[in-house]
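Asks:
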Amino acid sequence: MDLIYDFIGSAPELSYSEFVFLCIISFVTSVISASFGLGGGAMLVTVMASLLNPIAIIPVHAVIQLNSNLFRALMMWRYIRFFLMTPFVVGSLIGVSIGGTIVFALPRYLLQGIIGLFILYTLWGPATKVLQASSKTFVGVGVVSSFMTMFVGGTGPLVAPFVRAVTDERRMTVSTHAAFMSFQHAVKIVTFGVLGFAFSPYIPLMFGMIVFGILGTWSGKNILAWMPEKVFRIAFNSVLTLLALRLIYEASQGFLGS
Numbered sequence: 303m304d305l306i307y308d309f310i311g312s313a314p315e316l317s318y319s320e321f322v323f324l325c326i327i328s329f330v331t332s333v334i335s336a337s338f339g340l341g342g343g344a345m346l347v348t349v350m351a352s353l354l355n356p357i358a359i360i361p362v363h364a365v366i367q368l369n370s371n372l373f374r375a376l377m378m379w380r381y382i383r384f385f386l387m388t389p390f391v392v393g394s395l396i397g398v399s400i401g402g403t404i405v406f407a408l409p410r411y412l413l414q415g416i417i418g419l420f421i422l423y424t425l426w427g428p429a430t431k432v433l434q435a436s437s438k439t440f441v442g443v444g445v446v447s448s449f450m451t452m453f454v455g456g457t458g459p460l461v462a463p464f465v466r467a468v469t470d471e472r473r474m475t476v477s478t479h480a481a482f483m484s485f486q487h488a489v490k491i492v493t494f495g496v497l498g499f500a501f502s503p504y505i506p507l508m509f510g511m512i513v514f515g516i517l518g519t520w521s522g523k524n525i526l527a528w529m530p531e532k533v534f535r536i537a538f539n540s541v542l543t544l545l546a547l548r549l550i551y552e553a554s555q556g557f558l559g560s
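Our numbering applies: residue 303 is where the sequence shown begins, and numbers increase by one.
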């Protein structure tokens, strides 16, 4: 028991209760992401922002989300639209490279507002009617989303409208989106390592959150399996819309406070 307390207590600047709370939140947000395809990552980074050192939020969140998305993608790998991966990977490498050079230069609220407005447009505007599953489209998605993920953490909602537009089955949507985000978070982790972020002090926290995240992903997959397609689509669009509105609200607060 002392070993467990020592393990939990080694997480920087966190009490025992905060450590356990983050693990539970990791479980809950993983259930949400696996059930609806998105939403969990954005919720998780919001909670982490209230407890962790600001410098650690984005890189630690990337590690947790890499494992959550990768486990989800592996569980449903048969449904992934792999032909879209290569252009997205190429775009992601370009976007992270650019974002890494100016990661501290742009205001977070500006990018949040852009993402929020763009999501609403692609969801409810005419853009989704002309989206095509082309290489050029997903190179561009990779560049823009990977660039922005260096600043705002969870850009899954930015990628989601494009994935939704080129998939017609809920497991295909969830698995393809998870595969995209797995690679994006992996590249982001490497980039932050190169930039000098020390991950080692956060290993206990990351380990605990990853374990609970895997349990949450498994639970969410079971919910997804019996969820009717129509219900999934309604829930997917609703969650995405709420996330977009939250981003716009946070952007407005940041703009007013700047």
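Using N, Cα and C, we set each Cβ at its ideal position, and we do this for glycine too.
Tell me the rounded alpha-carbon separation between P356 and M350.
Replies: As a first step, residue 356 must be located in the sequence shown, where it is residue number 54. As a first step, residue 350 must be located in the sequence shown, where it is residue number 48. Their Cα atoms are separated by approximately 9 Å.
Asks: Helix, strand or coil for G515? Go by DSSP, reduced to three states.
Replies: Here residue 515 refers to the residue found at position 213 of the sequence shown. Secondary structure of G515 (DSSP, three-state): helix.
Asks: Determine the direct distance from the alpha carbon of E320 to that of G559, and round the result to whole angstroms.
Replies: Position 257 of the sequence shown holds residue 559. Position 18 of the sequence shown holds residue 320. Their Cα atoms are separated by approximately 28 Å.
Asks: Grouping DSSP H, G and I as helix and E and B as strand, with all else coil, what is V468?
Replies: Translated into positions along the sequence shown, residue 468 becomes position 166. Three-state result, V468: coil.
Asks: For P503, tell me which candidate among P361, S335, L542, Y411 has the shortest Cα-Cα distance.
Replies: Numbered from 1 along the sequence shown, position 201 holds the residue referred to as residue 503. For P503, the nearest C-alpha among the options comes from P361.
Asks: With DSSP run on the structure shown, which of helix, strand or coil describes I382?
Replies: As a first step, residue 382 is located in the sequence shown; it is residue number 80 there, counting from the start. Here I382 sits in coil by DSSP.
Asks: Flag this pair as touching only if the segment 445-464 and the segment 537-553 have three or more C-beta atom pairs under 8 Å; answer yes or no.
Replies: With a cut-off of 8 Å on Cβ pairs, the segment 445-464 is in contact with the segment 537-553, counting three or more such pairs.
Asks: Residue range of the alpha helix (DSSP H) that S352 falls in?
Replies: Taking the first residue of the sequence shown as position 1, residue 352 is located at position 50. No alpha helix (DSSP H) holds S352; DSSP gives it neither H nor E.
Asks: Say the cut is 8 Å; is the CB of F384 nearer than that to a heavy atom of the ligand ZN?
Replies: For the structure depicted, the ligand ZN is absent and the ligand set is empty, with no information on it obtainable.
Asks: For the alpha helix (DSSP H) holding Y504, just list the boundary residues, first then last.
Replies: The sequence position of residue 504 within the sequence shown is 202, counting from 1. For Y504, there is no enclosing alpha helix (DSSP H), as DSSP gives it neither H nor E.
Asks: For the alpha helix (DSSP H) holding F538, just list the boundary residues, first then last.
Replies: Within the sequence shown, residue 538 is the residue found at index 236, counting from 1. Taken as a continuous stretch (DSSP letters only), the alpha helix (DSSP H) holding F538 covers 531-559.
Asks: Skipping 5 residues on each side, what residues in its chain have a beta carbon closer than 7 Å to that of I550?
Replies: In the sequence shown, residue 550 corresponds to position 248, counting from 1. Hits under 7 Å: G415, G418, L419.
Asks: Measuring alpha carbon to alpha carbon, tell me which of K523, F485, V476 ends up nearest T451.
Replies: Counting from 1 along the sequence shown, the entry for residue 451 is found at position 149. The candidate whose alpha carbon is nearest that of T451 is F485.
Asks: Spatial neighbours of I334 within its chain, please: CB distance less than 6 Å, with the 5 preceding and 5 following residues excluded, ordered by chain position.
Replies: The residue given as residue 334 occupies position 32 in the sequence shown. Once the five neighbours on either side are set aside, the close Cβ partners of I334 are G341, G342.
Asks: Would you check if the distance between the CB atom of Y411 and the CB atom of E471 is smaller than 9 Å?
Replies: Position 109 of the sequence shown, counted from the first residue, corresponds to residue 411. Position 169 of the sequence shown, counted from the first residue, corresponds to residue 471. Going by C-beta atoms, Y411 is not nearer than 9 Å to E471.
Asks: From this set, F464, C325, L395, which residue's C-alpha is nearest K490's C-alpha?
Replies: Counted from its first residue, the sequence shown places residue 490 at position 188. Among F464, C325, L395, the Cα nearest to that of K490 belongs to L395.
Asks: Residue range of the alpha helix (DSSP H) that S317 falls in?
Replies: Residue mapping note: residue 317 aligns to position 15 of the sequence shown, counting from 1. Element bounds for S317: n/a, residue is neither H nor E.
Asks: Can you have a look at Q555 and say buried or exposed, based on whether 16 or more other CB atoms are within 10 angstroms of its CB?
Replies: Stepping through the sequence shown from its first residue, residue 555 is reached at position 253. That one is exposed.
Asks: Is F384 buried or exposed, if buried means 16 or more other CB atoms sit within 10 Å of its CB?
Replies: Locating residue 384 in the sequence shown gives position 82, counting from the first residue. F384 should be labelled exposed.
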